[in-house]
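What follows is a set of notes on a single structure, which appears directly below.
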Amino acid sequence: IECEKEPGSLLWIFVMVGNIVRGMGETPIMPLGISYLEDFAKAENSPFYLACLHTATVIGPFLGLLLASFCAELFVDIGSVGGDEITITATDARWVGAWWLGILICALLNLLVGIPFWFLPKSLVKEGETNEPEETSEKSVAPLQENDKNETKQTMYEIAKGKLYCILFPSCLNFIPFLKALFHNPVYMLFICITVLQFSAFDGMISFMPKYLEQQFGKSASDAIFLICVYNLPVLCVGYFSGGLFMKKFKINNYQAANIAFWVSLLEYLLYFAAYWTVCDTSPVAGLTVSYQ
């Protein structure tokens, strides 16, 4: 008996490409935003501003999960299928929520929020200083013009020697030494490893905890997403904001901040370790844990 192959769909490629484009647009916000704050803020105010930035990055997923909880209550074919034609509920395993609706709403909001970034100035007056950025830029016009002339002469010389690679890819020559220096920095690599572990734990909880709540406690997808949102993200917002305010008020230096982060993280892992004793009974599944009879 030959198996009949079901027709496939390539629409998932559009979703993948959309996520790639979204990631390309969202990635520069965090590193460039932090640099923007560090360049134009006082040293004692910088931790507080960074805390506000990280708090905003948590408020976004908080609102996104609320939106996902709302969309999960709607049937995937909303608008084309009447409510009286739907014979299953949101707690049914065959239920598929209107996942595409949240993507359209978020895409529209991202487009609207991105418009003000076009009006941000290239430079700001640093806190505590009175010099206008226009005066500084006017003073640097002449040196910049001389540098441009020197760079043009150097570029013509390189063209004559045939070093086209240095002209087409000048940043690549400096990128590799900088990257090598970062890899040999133990503090930076330790921070990277810690960040990877923290985000992997958080992403694992966001990805698998809703399904666990559905299977273990009989919750719908909408209720599970709502519970994850309410129980986790507001606390993170409070932690980010209070940590930045604490560092600003007591003027915590880098060494003290590292000590505080170590002891607080150790306390956090001990509390999470206690979750191993909060195990629920496995739900009976026909054919796996119990027989069909």
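Residue numbers for the sequence shown follow my numbering, so the first one is -18 and each next one is one higher.
Using N, Cα and C, we set each Cβ at its ideal position, and we do this for glycine too.
A quick note: this is a predicted structure, and the numbers were derived from the prediction, not measured.
The continuous stretches of alpha helix (DSSP H) do not include His165, and DSSP gives it neither H nor E. A straight-line Cα-Cα distance of about 19 Å links Ile15 and Ala239. Taking a C-beta distance under 8 Å as the contact criterion, Cys52 and Ala79 qualify as a contact pair.
For Val245, the enclosing alpha helix (DSSP H) covers residues Asn235 to Phe254. Assignment of beta-bridge partners to Phe56 by DSSP yields Gly78. Burial of Leu214 is indicated by the presence of at least 16 other C-beta atoms within 10 angstroms of its C-beta. Collapsing the DSSP output to three states places Val62 in a strand.
Of the other Cβ atoms in all chains shown, fewer than 16 fall within 10 Å of the Cβ of Ser104; this residue is therefore exposed. Exclusion of the five residues before and after Ile69 leaves Arg75 and Trp76 as the residues of its chain whose Cβ lies within less than 7 Å of its Cβ.
When secondary structure is reduced to three states using DSSP, Val106 falls in the coil class, being assigned neither helix nor strand. Met(-3) has its alpha-carbon roughly 35 Å from the corresponding atom of Asp20.
Listed in chain order, the non-local C-beta contacts of Phe231 below 8 Å within the same chain number zero, local neighbours out to five positions each way being set aside. Straight across, the Cα-Cα distance linking Ser61 with Leu55 is about 12 Å. Between the stretch 197 to 213 and the stretch 0 to 16 there are fewer than three C-beta pairs closer than 8 Å, too few to call the two in contact.
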